[in-house]
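Please read the structure below before turning to the comments.
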Amino acid sequence: MKLTVVGCSGSFPSADSPCSSYLVEADGYRVVLDLGNGALGALQKYASIYEVDAILLSHLHADHCIDLCAYWVARNYRAEGCPAPMPVYGPAGTAERMARAYDMPEDPGMKEVFEFRTLTPGRFDLGPFRIDVAQVNHPVDAFAFRLEHGGRSLVYSGDTGESAELVELARDTDLFLCEAAYLDGRDTYRAVHLNGREAGEHATAAGARRLVLTHIPPWTDAELNRRDAAAAYPGPVEIAKAGAVYEL
């Protein structure tokens, strides 16, 4: 598997990165995890937007899904004609939510361009990948994903507060792409986001082999979160950067 960080800024784009979006490739198949603010433009650095095979949306906050509106335009009005409908996996109500975001009738909405499929906890196959889905701890329906291929695995937390389900999903994973939006000691809201220390604790509990912190907002010192994570987790810890590539 090849993971490319398309965007990793939390809550709103930074000067250096769009919001959440990650391209995962194996055997010529391309799946995009989330498509937040600014991600569609950056995605074109790494793949043709007409050669993506599927999208998985962790939840329906704008910093994880709003560029699906721009993607609809790019596909629907393509000069060579609209490609076949692309599978989009998301929480219940994704099709209706995206239609409202673009101020179009909910029926047909975007359903002629995207084939919307509702996520639930469990397992399914997608191209060459085995996908495991777990519901995590956020104010809206939110999911984390585990992708496996060729005996290797990566886990993407999406947005979550403390979550036993996330720990189980990340058990023994090769790469744990975990959100760390909060700063320990400053941000105290529960069941919304993790801080660096908590991300490290989740990685340790899961026995993850590598931890990459993501979804850190521009107003948070990413290096402090990395240090907090490293104090709680004995393995390698780094901060996600737009354009970074991981081969698994």
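At position 108 of the sequence shown the residue is numbered 108 (full-length UniProt numbering), and the sequence of numbers has no breaks.
Backbone N, C-alpha and C define an ideal beta-carbon position, used for all residues, glycine too.
Subject >> Distance between CYS69 and HIS193 (C-alpha atoms, nearest Å) >> reply: 26 Å
**OP:** Please report how far the alpha carbon of TRP72 lies from the alpha carbon of ARG30, in whole angstroms.
**Re:** 18 Å
Subject >> Limits of the beta strand (DSSP E) - the one that ASP27 falls within >> reply: Careful: ASP27 lies outside any beta strand (DSSP E) and carries neither H nor E.
**OP:** Could you tell me whether the Cβ atoms of VAL140 and PRO85 are closer together than 9 Å?
**Re:** no
**OP:** Given a cut-off of 9 Å, decide if PHE116 and ILE131 are closer than it, judged by their beta-carbon atoms.
**Re:** No, the Cβ-Cβ distance between ILE131 and PHE116 is not below 9 Å.
Original post:
Looking only at DSSP bridge pairs, what is SER21 linked to?
Top reply: GLY7
Original post:
Between the stretch 217 to 232 and the stretch 182 to 196, do three or more beta carbon pairs fall short of 8 Å?
Top reply: yes
**OP:** Within the stretch 96 to 156, note down every full beta strand (DSSP E) run reaching 3 residues or more, in order along the chain.
**Re:** The stretch 96 to 156 contains, as complete beta strand (DSSP E) runs of 3+ residues, the segments 114 to 118, 122 to 126, 129 to 135, 143 to 149 and 152 to 156 (chain order).
Original post:
By how many angstroms is the C-alpha of VAL133 removed from the C-alpha of TYR89?
Top reply: 11 Å
Subject >> Sequence-distant residues of the same chain with beta carbon closer than 6 Å to MET98, five excluded per side >> reply: LEU68 and MET110
Original post:
What distance in whole Å lies between the Cβ atoms of PRO18 and ALA242, which are believed to be in contact at a cut-off of 8 Å?
Top reply: 7 Å
Original post:
Apart from the five residues just before and just after PHE12, which ones in its own chain have a Cβ nearer than 6 Å to its Cβ?
Top reply: Around PHE12: no qualifying Cβ.
Original post:
DSSP puts PHE176 in a beta bridge; with which residues?
Top reply: VAL155 and LEU211
**OP:** Measure how close the beta-carbons of ALA26 and PHE129 come, nearest whole angstrom, since I'm counting them as under 8 Å.
**Re:** 7 Å
**OP:** Return the CA-CA distance between GLY36 and ALA232, expressed in angstroms with no decimal places.
**Re:** 29 Å
Subject >> Cα-Cα separation, GLY235 to GLY151 >> reply: If I take the Cα positions, the gap works out to 20 Å.
**OP:** Excluding the 5 residues preceding and the 5 following LEU126 in the sequence, name in chain order all residues of the same chain whose CB lies nearer than 7 Å to its CB.
**Re:** VAL31 and ALA54
Subject >> Option nearest GLY196 by Cα separation, candidates SER48, GLN44, GLU162 and GLY122 >> reply: GLU162
**OP:** Whole angstroms is fine: what's the gap from GLU247's alpha carbon to TYR156's?
**Re:** 15 Å
Subject >> Pairwise C-alpha distance: ALA15 and THR120 >> reply: 35 Å
Subject >> Under 9 Å between C-beta atoms of PHE176 and HIS138 >> reply: no
**OP:** Return the Cβ separation of ARG210 and ASP174 in integer angstroms, given the expectation that the two are a contact with Cβ distance under 8 Å.
**Re:** 7 Å
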